[in-house]
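So for the sequence shown, our numbering puts the first residue at 18; every next one is plus one.
Think of the CB as a built atom: it goes at the ideal place given N, C-alpha and C, for glycine as much as any other residue.
As the structure is a prediction and not an experimental result, all values here were calculated from the model.
Below you'll find the structure, written out as structure tokens, and then a few comments.
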Amino acid sequence: MQRKTRSRTRQRWCRVFVAGVSLMVLGPTLMEAGKDELKAKLEELERRLEKLEREQERQLQPASQPGELAEIRRQLDILATEVELLRSGEPDLEVTDDQARSKGLGPAAASVYRKRQGVSIAGYGEMLYNNYNGRDESGDPVSKTTQFDFLRWILYAGYRFNDRFVFNSEIEIEHGSTSLGGSTSVEFAYLDFLANDHLTLRGGLLLVPMGLVNELHEPTVFVGANRPETERRIMPSTWRENGFGFVGSAGMFDYRVYVVNGLLGSKFSSDGLRAGRQKGYKAKSSHMAVVTRVDVNPTPGVFVGGSFYNGGSGQGLTFDGQELDVGTRIGELHAQIQMEGFDLRGLFARASLDDVAELNQALGYTGKNSVGETQQGGYLQFGYNLLSRVREDVRLMPYYRAETLDTQAQVPAGYLRNPARDRSFHTLGLELKPISNIVVKADYQWNRNRSKTGLDQFNVAMGYNF
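The structure is reproduced here in structure tokens:
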């Protein structure tokens with residue numbers, strides 16, 4: 018029986034090997050055939066162009082009809098454009114914003130997918146001004162310095178090898194200068210194998226596909242001067258880890274499934290999971306994680322979905338001679354509607370952790386400093402473009418966001434919840450997009466918590482992408 022099983026296994030691997038060799042042998046032939054086809058098309062267009070030019074000369078006689086002449090000229094213009102496009106290489110591919118989102122990418126990040134071959138360069142930037150109230154919600158004086166920060170400068174660099182293989186990356190400089198506390202990071206860097214129109218295999222440093230902001234974090238895409246706190250503390254945007262998986266679509270469904278290294282539980286705190294990101298740097302991988310996302314797209318501009326993350330965060334951390342697993346589960350539901358000038362977004366996220374009492378003891382946390390066994394938050398956001406019925410190229414949108422966040426919704430027995438971790442945020446602002454690639458946002462944020470130490474702030478942001 019074992020011999021038969023081994024025989025069948027060898028046969029399967031032989032078939033795989035033969036298929037792979039066939040692909041390598043026939044691949045160049047198929048590419049050459051494609052080039053020959055393009056060359057033939059170019060020659061045919063040039064022949065048609067010459068014919069129409071001769072026809073135009075013939076029609077430029079006194080008896081010619083104005084209508085016929087105009088039609089010939091129109092056809093000449095179309096053909097001349099087609100010929101020039103073919104001579105300069107094939108035209109860029111069309112990738113809509115919805116199609117870019119289905120790949121987990123913002124409009125600029127998807128630039129390489131618009132290329133048929135070669136290098137792609139794109140990017141974005143973001144500048145942020147924060148002015149804080151002089152007193153907290155209890156009326157006590159607070160001295161927090163106003164700051165003006167060139168928050169991010171981003172360069173997307175990609176390369177399309179051929180119809181099947183794509184490299185894409187994002188390089189980020191934060192806070193203007195590494196010499197003054199800023200940083201330079203690779204935000205993502207991966208290879209895609211485009212198996213077909215509906216399935217892509219992906220591997221590298223990946224953006225974790227959760228929420229509305231983590232993948233779509235370009236300032237022209239998310240609303241508000243600041244990103245929502247739920248997507249910073251529970252889903253620690255911008256969150257990227259090393260891994261592999263696949264991106265796919267089926268009808269109105271888009272999905273992504275990745276296997277990535279787990280979070281670093283030794284960096285968790287009472288303020289959430291944010292510090293547990295490993296960011297691709299020598300990532301401890303004793304514990305891995307699986308993250309799955311599904312979106313439903315009933316019509317352009319509308320999608321509803323959710324994602325779930327499940328993995329260990331212990332990464333070799335021990336307590337009392339036992340290795341901790343620190344099982345971490347994060348689930349979220351989200352929706353976005355952009356129609357007829359309206360922009361509606363909502364999200365709810367919840368995280369639950371195992372071994373938190375042991376984790377607290379291993380890290381020396383006591384009293385109100387416990388990591389939350391349960392953490393949850395969510396927001397609703399509403400905006401309306403006042404110019405939606407007047408101008409298509411300019412957007413002027415007042416917006417409002419209501420958000421709650423509690424990173425210590427539950428703590429282990431023997432620990433206390435810190436009321437300052439139970440927070441609410443109300444944000445009222447105005448967004449101006451003179452063109453789709455540039456945005457200016459100004460808002461006022463009312464910050465509240467159960468310890469009555471919330472501090473209001475006024476924010477102004479300017480962003481761009483290209």
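Cα-Cα separation, residue i to residue j
i	j	result
residue 393	residue 436	14 Å
residue 199	residue 268	43 Å
residue 251	residue 426	12 Å
residue 209	residue 183	5 Å
residue 137	residue 160	46 Å
residue 219	residue 68	48 Å
residue 408	residue 438	43 Å
residue 110	residue 130	7 Å
residue 302	residue 451	46 Å
residue 332	residue 304	6 Å
residue 174	residue 483	12 Å
residue 206	residue 186	4 Å
residue 464	residue 422	11 Å
residue 172	residue 443	32 Å
residue 30	residue 309	Only weak support is given to the placement of residue 30: the predicted model assigns it a pLDDT of 44, under 50, and the question is left unresolved by the model.
residue 454	residue 241	16 Å
residue 300	residue 196	25 Å
residue 18	residue 120	Low confidence applies to residue 18: its pLDDT is 46, below 50, so where it sits in the model is not reliable, and the reading given next is rough at best. Cα to Cα, residue 18 sits roughly 45 Å from residue 120.
residue 343	residue 368	12 Å
residue 477	residue 347	31 Å
residue 245	residue 127	23 Å
residue 512	residue 283	Nothing about residue 512 can be read from this structure; the chain reaches only from 18 to 483.
residue 49	residue 224	Low per-residue confidence applies at residue 49: pLDDT is 49, beneath 50, and the placement is therefore not dependable enough to give any value.
Contact under 7 Å by Cβ, residue i with residue j
i	j	result
residue 297	residue 285	no
residue 231	residue 254	yes
residue 317	residue 114	no
residue 396	residue 364	yes
residue 169	residue 191	yes
residue 235	residue 141	yes
residue 341	residue 375	yes
residue 311	residue 322	yes
residue 222	residue 249	no
residue 445	residue 417	yes
residue 334	residue 379	yes
residue 496	residue 134	This structure does not reach residue 496, given that the chain is present from 18 up to 483, and the question cannot be answered.
residue 273	residue 315	no
residue 313	residue 270	yes
residue 345	residue 324	no
residue 288	residue 424	yes
residue 229	residue 181	no
residue 123	residue 233	yes
Segment limits, alpha helix (DSSP H) that includes residue i
i	result
residue 543	With the chain covering only 18 through 483, there is no way to say anything about residue 543.
residue 117	114 to 119
Contacts around residue i, its chain only, beta-carbon distance under 7 Å, and the 5 residues preceding and following it disregarded
i	result
residue 428	387, 389, 390 and 434
residue 404	411, 412 and 413
residue 381	none
residue 259	222, 277, 278, 297 and 300
residue 264	120, 121, 217, 219 and 273
Terminal residues of the beta strand (DSSP E) in which residue i lies
i	result
residue 248	It is not in any beta strand (DSSP E) - residue 248 instead sits in the alpha helix (DSSP H) that spans 247 to 250.
residue 217	216 to 224
residue 456	455 to 466
residue 144	135 to 149
residue 109	Segment: none, residue 109 is in no beta strand (DSSP E) and carries neither H nor E.
residue 414	412 to 427
residue 432	Here residue 432 belongs to no beta strand (DSSP E), and DSSP marks it neither H nor E.
residue 408	Unbroken run through residue 408: none, as it is neither H nor E.
residue 451	439 to 452
Sequence-distant residues of the same chain with beta carbon closer than 6 Å to residue i, five excluded per side
i	result
residue 163	148
residue 441	421 and 465
residue 479	144 and 457
Nonlocal neighbours in the same chain, by C-beta distance under 8 Å from residue i, ignoring five residues either side
i	result
residue 474	147, 148, 149, 150, 461, 462 and 464
residue 41	The predicted position of residue 41 is uncertain, since its pLDDT is 39 and thus under 50; a value taken from the coordinates is nonetheless stated next. So no residue of the chain qualifies.
Inset, instruction - Counting only runs of 4+ residues fully inside the region 364 to 402, write out the alpha helix (DSSP H) ranges in chain order. - result: As far as the region 364 to 402 is concerned, its whole alpha helix (DSSP H) runs of at least 4 residues are 373 to 380.
Legend entry - 4-residue-minimum alpha helix (DSSP H) runs that sit fully inside the region 288 to 316, ordered along the chain: Listed in chain order, there is nothing to give.
Legend entry - Runs of beta strand (DSSP E) lying entirely within the region 153 to 187, each at least 3 residues, in chain order: Entirely contained in the region 153 to 187, the beta strand (DSSP E) runs reaching 3 residues are, in chain order, 164 to 177.
Inset, instruction - Would you list, in sequence order, the uninterrupted beta strand (DSSP E) runs of no fewer than 3 residues that lie entirely inside the region 315 to 359? - result: Taking 3 residues as the minimum length, the beta strand (DSSP E) runs contained wholly in the region 315 to 359 are 319 to 329 and 344 to 356, in order along the chain.
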